[in-house]
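Residue numbers (this note's numbering), protein chains in the order written: chain A, 14 to 132; chain B, 3 to 483.
In structure tokens:
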């Protein structure tokens, strides 16, 4: 079970990876969303504000009204944000649950795929 | 509301979510494609005259059983990947993958059929040479391809308006046709007039009119509340039943069967018989409108399935390639290309009713598999779900038998001649299923092995070692340097 410090570290790395990837920024330039995350094992929650493809903040707790809600184990979140696992495989096994439009779910995975195409 | 197995539901509400009207429109819109007008002709082949309406009613009642079964499955796996999840749990991952690949080919067929039918209808109204129909088909698929590659999506409210316009427009013109003087209904209560088996086949083809209504379950993740999808699954078939029945009666009333039997645009013939050129243009406009839903929904569902399969290493990674609009361009382009090829084959052979028979059989097969999945999962899944089918086990067992019979009834039918059997529909399905199975057994293990080798030879884990020691076993291997 990962605690908030580990999650925050993973999120910080993910933010840098996303915001410095030019192709991703261009691809997501029309994508502005608020994401909520729920750790199913320790009830930790956090949010992510994306504005025109740029991750502006990743605060603890739920901030704003979400466009997407992602629920899974804290360890899976950590591995996902570090780029160490393929989110689609987890999603297709029912281990990551997502609420949101199909388009947004696709965009969310596209971020991981563009940053870490080898995973 | 989606939640992973054993996980608590998320507490927040989405900013944008799908309500009952939109979910119902999605379900009805996916089902009521241009090919449904031909589906009515297929029912009429086996159930002459007004008895087709009886077949459509019986088909509708059976579809309500399907609604119950898919509602419970959707409650257990409220995900766009739901069908993969419950088939995997019920019959194993490889079988599920093979079946899902086969199922997805129906989307290609429906897209191809709609492109062909709309192209043929436009050509007919414009009085162009028949060869120009294929030009229209290419133009339609080209427009759909371009829109999809640019990431253009129909907004939910546009889809809702389009669906209700098509349904109400068809119903209104059908009612006008029914009040048209000078014609008469034909052969009342003659459902079994061509033998008992023809009655079963009529019901099986009637099921096709509702086909794909269950695809609304792929929007479960954006539903406002879980019951929204369940309610849509029960309301949409009622709307389709009402419109299909009115259209069937109108066609029976005004157009000789010999005319519609060999026509790719029976709706235009009915429109013209009811209101002349105005009626013909009316039905042409509605036919073109159906393409918006078919192309929008069909391309979206199928291309995202291909993308996910490629990301899962079940298809070559190239199929997950994204363009700058975050659209899986190779998946979308392949779909359009495959649809154009199928449409060309239909155009060259004139076997459009064979597509209806294949589609009807595959749909009945999917209903049988859904019933089987519920039957198996009732013994394995103890989780609470928002909908639980009353007498679920006996009804699911009944569904397995019933829909298997209907699968065989359509799979062995000659779509043009009720007095003959044909191996063509089931032959096409067996070829598709055989190709899918061979691919899953031979190609997928190689792709998986290549992916595993890539991962082993790839970069070390990025997550710091202390935390990684207790992390997910599916995560990339850590290289101790």
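Every residue gets a Cβ at the ideal spot worked out from N, C-alpha and C, and that includes glycine. Quick caveat, the model's predicted, so the values are computed rather than measured.
Bridge partner(s) assigned by DSSP for residue 50 (chain A):
A:59, A:83
What does a CB cutoff of less than 6 Å around residue 234 (chain B) pick up in its chain, not counting 5 residues either side in sequence?
25, 26, 29, 218
Segment contact, 8 Å Cβ cut-off, at least three pairs: the segment 357-377 of chain B with the segment 208-225 of chain B:
yes
Test: residue 82 (chain B) CB closer than 7 Å to a CB of chain A
yes
Span separating the alpha-carbon of residue 368 (chain B) from that of residue 423 (chain B):
22 Å
Validate contact between the segment 391-409 of chain B and the segment 54-73 of chain B using beta carbons, cut 8 Å, 3 pairs
yes
Compare the C-alpha of residue 45 (chain B) against each of B:315, B:64, B:180, B:201 and name the closest.
B:201
With 16 other CB atoms within 10 Å as the buried threshold, where does residue 458 (chain B) fall?
exposed
Rounded straight-line distance, which links the Cα of residue 243 (chain B) to that of residue 344 (chain B)
29 Å
Rounded to the nearest angstrom, what separates residue 33 (chain B) and residue 212 (chain B) at their Cα positions?
5 Å
Rank B:248, B:131, B:140, B:441 by C-alpha distance to the C-alpha of residue 98 (chain B) and give the top, closest one.
B:441
Is the CB-CB distance between residue 370 (chain B) and residue 406 (chain B) below 7 Å?
yes
Euclidean distance between Cα positions of residue 40 (chain B) and residue 88 (chain B)
32 Å
Contact defined as beta carbons within less than 8 Å: I believe residue 104 (chain B) pairs with residue 438 (chain B). What is the distance between those atoms, to the nearest angstrom?
5 Å
Could you tell me the alpha carbon to alpha carbon distance between residue 450 (chain B) and residue 114 (chain A), rounded to whole angstroms?
29 Å
Beta-carbon neighbours of residue 322 (chain B), restricted to chain C and to distances below 7 Å
Absent from the structure is chain C; the protein chains it does hold are A and B.
So with Cβ pairs under 7 Å, would you call residue 20 (chain A) a contact of chain B?
no
Inter-stretch contact at 8 Å, needing at least 3 Cβ pairs: the segment 141-148 of chain B / the segment 371-381 of chain B
no
At what residues does the alpha helix (DSSP H) containing residue 383 (chain B) begin and finish?
Where residue 383 (chain B) is concerned, there is no enclosing alpha helix (DSSP H), given that its DSSP letter is neither H nor E.
For the beta strand (DSSP E) containing residue 69 (chain A), name the first residue and the last one.
67-70
So, with DSSP's three-state summary, where would you put residue 115 (chain A)?
helix
List, in order along the chain, the chain B residues whose C-beta lies closer than 8 Å to that of residue 70 (chain A)?
Going along chain B, no residue has its Cβ under 8 Å from residue 70 (chain A), so there is no contact; the nearest lies around 17 Å.
Confirm, please, whether the CB-CB distance from residue 121 (chain B) to residue 139 (chain B) is below 7 Å.
yes
Same chain, Cβ closer than 6 Å to residue 118 (chain A), five either side skipped, listed in chain order
111
Go ahead and label residue 327 (chain B) buried or exposed: buried means 16 or more other beta carbons lie within 10 angstroms of its beta carbon, across all protein chains shown.
exposed
Can you tell me whether residue 221 (chain B) is buried or exposed? The criterion is at least 16 other CB atoms within 10 Å of its CB, across all chains shown.
buried
Using 8 Å for Cβ pairs, my map puts residue 63 (chain A) next to residue 48 (chain A). What's the rounded Cβ distance?
7 Å
Please list, in chain order, all residues of the same chain as residue 204 (chain B) whose beta carbon is under 6 Å from its beta carbon, the five residues on each side excluded.
45, 48, 49, 57
Could you confirm whether any beta carbon from chain A is found closer than 7 Å to the beta carbon of residue 328 (chain B)?
yes
From what residue to what residue does the alpha helix (DSSP H) around residue 112 (chain B) run?
95-127
Mind pulling the chain A residues with CB within less than 8 Å of residue 155 (chain B)?
116
Can you give me, in chain order, the residues of the segment 86-103 of chain A that have a beta carbon less than 8 Å from any beta carbon in chain B?
86, 88, 89, 91, 92, 95, 96, 97, 98, 99, 101, 102, 103
Cutting at 7 Å between CB atoms, please list the residues of its own chain near residue 19 (chain A), excluding the five before and the five after it.
91
As an exercise, report each continuous alpha helix (DSSP H) stretch of at least 4 residues that is fully enclosed by the segment 421-461 of chain B, in chain order.
426-440, 446-459
Could you pull the start and end residues of the alpha helix (DSSP H) that residue 353 (chain B) belongs to?
Here residue 353 (chain B) belongs to no alpha helix (DSSP H), and DSSP marks it neither H nor E.
Out of A:82, A:104, A:98, A:93, point me to the one whose CA is closest to residue 79 (chain B)'s CA.
A:104
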